[in-house]
Amino acid sequence: MGKKLFEDDGYTWCFACGKDNPIGLHMKFVMDDEKCMSYFIPQPEHQSYNGRMHGGLVAVLLDEVTGNYLFRKEGKPAYTAKIEIRYRQPLIIGEKVICLGQELHRKGRMVEMRGQVMKEDGTVLAESLSKLIIGE
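When you line the sequence shown up against my numbering, it's residues 1344 to 1479, in that order.
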């Protein structure tokens, strides 16, 4: 499977990726067999302390890129059962980041995923280890 860009999947009000959500993050994804990827630039409305993205919204980036990987691969929504996040460095408002989601292990409908948010130079800013359940 080659790379594909997904812009309209019928979930237009999703907070993270919905194009019709006026307060959403408007993430767009590129996917191949091994990973799901999205570029994101935090805006002033995404900040907590001056110049830094709110940690809860960083969690949304990680959760979305891992869940989106499974949604694209399986054609069904995937629901987060557990997520552990490690924040390594702040995301700076206005600085482009790369969000990656990769599958690590699968047992039935339960899938362990790794998420990463990094600078364009590869510096990891935040990472997650999560378990998601693929819907029926």
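Glycine included, every Cβ here is placed at the ideal spot set by N, Cα and C.
Looking only at DSSP bridge pairs, what is E1455 linked to?
H1448 and K1474
Starting from Y1412, trace the alpha helix (DSSP H) in both directions and tell me its first and last residue.
G1398 to E1417
Is it true that the CB of Q1445 sits closer than 7 Å to the CB of K1378?
yes
Give every residue of the same chain whose Cβ lies closer than 6 Å to the Cβ of V1403, excluding the five residues on either side of it in the sequence, and list them in chain order.
A1359
Close-in-space but distant-in-sequence residues of the same chain around H1448 (CB under 8 Å, 5 per side omitted)
V1454 and E1455
Mapping the DSSP letters down to three states, classify E1427 as helix, strand or coil.
strand
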